[in-house]
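Working notes for the structure below.
There are 2 protein chains.
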Amino acid sequence: MKDSECAPLEKLLNQISGQWTMYILWTLDTNGVMRFGELRRKVDGISPKVLTQRLRMLEENGIIYRYYESTIPPQVSYELTERGKELSKPLYDLCELASRWYGDETKM
Amino acid sequence: MKDSECAPLEKLLNQISGQWTMYILWTLDTNGVMRFGELRRKVDGISPKVLTQRLRMLEENGIIYRYYESTIPPQVSYELTERGKELSKPLYDLCELASRWYGDETKM
DNA sequence: TTACGCAGTTACTAAAAGGTAACTACTTTA
DNA sequence: TAAAGTAGTTACCTTTTAGTAACTGCGTAA
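Next up, the structure:
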């Protein structure tokens with residue numbers, strides 16, 4: 378009877394549909410490898426706590442890599458995994474469409 | 378200095394990234410016009426309260442239409458607007474990719 | 001006559017999520 | 001010697017959110 382359900386989609390959406398999450402992914406997608414502080418500045422308004430939570434969750438789900446270098450001060454970088462990069466196209470489409478709907482005067 | 382921010386994308390994501398929201402949109406996209414009860418059964422596990430909240434919000438944002446017919450019992454139908462239908466492609470892409478990642482044994 | 005279905009709404013409660021601020025360790029600056 | 005900066009982490013508290021259950025009014029089915 379269930380003719381149009383999609384459990385995988387539900388699972389994926391649970392992983393990426395939290396507040397900030399897709400915007401973080403889009404930021405990583407357009408900027409490539411980024412350090413924590415850099416991301417924090419780009420994703421304007423996010424608190425370090427929430428940013429850490431999102432990054433940890435995305436790492437656990439295999440969507441981003443985390444590179445830790447124990448220099449002083451420590452450098453931690455984040456990057457989309459191959460899977461993460463597959464989100465690039467739908468994110469780009471959403472961004473394009475959002476720019477058409479709401480204008481892109483603040484973009485780029 | 379802000380070289381890769383996208384306010385329109387942030388705005389759009391705020392509208393569609395709540396729990397259930399994109400799954401509701403995907404369900405409407407694949408089923409066409411749907412009544413409240415039908416949607417409720419497809420979006421398994423959602424409570425009527427939350428479904429109402431999401432539908433109202435999506436209507437306010439111009440993403441879905443709400444048709445009310447005061448028959449007895451009343452018939453209320455929902456459908457994607459032209460804007461809503463623009464979300465179809467990214468949603469389809471996400472669904473396809475989710476099926477590849479997590480398997481589609483429970484789908485269709 | 002009683003129950004059920006539609007399409008919600010409302011009140012109440014429980015859980016999760018978010019922000020703020022303080023804290024880590026270490027180096028550089030004053 | 002002490003303060004400040006980097007890159008986060010943690011504790012605490014408040015706010016938001018979600019779920020449950022009961023209720024609406026009207027008609028049909030049992």
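For the protein sequence lines, the chains are A and B, in the order given.
Just so we're aligned: the first sequence equals residues 378 to 485 in the working numbering.
Just so we're aligned: the second sequence equals residues 378 to 485 in the working numbering.
The beta carbon of each residue, even a glycine, is placed where N, CA and C say it ideally should be.
According to DSSP, which residues form a beta bridge with residue i?
{"i": "serine 454 (chain B)", "result": "B:Arg412, B:Tyr444"}
Among the candidates the options, whose CA atom is the shortest distance from the CA of residue i?
{"i": "serine 424 (chain B)", "options": "B:Glu459, B:Trp478, B:Thr398", "result": "B:Thr398"}
{"i": "isoleucine 440 (chain B)", "options": "B:Thr448, B:Gly461, B:Ala475", "result": "B:Gly461"}
{"i": "glycine 422 (chain A)", "options": "B:Glu382, B:Gly480, B:Tyr479", "result": "B:Glu382"}
{"i": "tyrosine 486 (chain B)", "options": "B:Thr448, B:Ile449, B:Leu432, B:Pro385", "result": "The shown model of chain B, from 378 to 485, leaves out residue 486 (chain B), and the question about it has no answer."}
{"i": "leucine 386 (chain A)", "options": "B:Pro385, B:Tyr444, B:Leu402", "result": "B:Leu402"}
{"i": "glycine 391 (chain B)", "options": "A:Leu457, A:Val410, A:Glu436, A:Gln396", "result": "The amino acid at residue 391 (chain B) is misidentified as glycine; the sequence shows asparagine. Minimum Cα distance to asparagine 391 (chain B) is reached at A:Gln396."}
{"i": "serine 321 (chain B)", "options": "B:Glu436, B:Arg418, B:Tyr469, B:Val410", "result": "Residue 321 (chain B) cannot be examined here, being either before or after the span of chain B that is shown, 378 to 485."}
{"i": "serine 465 (chain A)", "options": "A:Asn408, A:Ala384, A:Lys388", "result": "A:Asn408"}
{"i": "lysine 419 (chain A)", "options": "B:Gly480, B:Ala384, B:Glu456", "result": "B:Ala384"}
{"i": "leucine 389 (chain A)", "options": "B:Ile393, B:Leu389, B:Tyr400, B:Lys388", "result": "B:Tyr400"}
{"i": "proline 450 (chain A)", "options": "A:Thr458, A:Leu471, A:Thr429, A:Gly414", "result": "A:Gly414"}
{"i": "threonine 404 (chain B)", "options": "B:Glu456, B:Ser447, B:Tyr444", "result": "B:Glu456"}
Counting only beta-carbon atoms, is residue i nearer than 8 Å to chain B?
{"i": "tyrosine 400 (chain A)", "result": "yes"}
{"i": "leucine 435 (chain A)", "result": "no"}
{"i": "serine 394 (chain A)", "result": "yes"}
{"i": "glutamate 446 (chain A)", "result": "no"}
Does any CB atom of chain A fall closer than 8 Å to the CB of residue i?
{"i": "leucine 405 (chain B)", "result": "no"}
Say yes only if the C-beta of residue i is nearer than 7 Å to one or more non-hydrogen atoms of the ligand ZN, and no if none qualify.
{"i": "serine 424 (chain A)", "result": "Inclusion of the ligand ZN in the displayed structure is not the case, the ligand content being empty and no account of it being possible."}
For this session: Note down, in chain order, all residues in the region 450-483 of chain B with a beta-carbon under 7 Å from any beta-carbon belonging to chain A.
Result: Correct list: Arg460, Glu463, Lys466, Pro467, Asp470, Leu471, Cys472, Leu474, Ala475, Ser476, Trp478, Tyr479, Gly480, Asp481, Thr483.
For this session: Report the residues of the region 410-431 of chain A with a CB closer than 8 Å to any CB of chain B, ordered along the chain.
Result: Going along the region 410-431 of chain A in chain order, one finds Lys419, Asp421 with a Cβ nearer than 8 Å to chain B.
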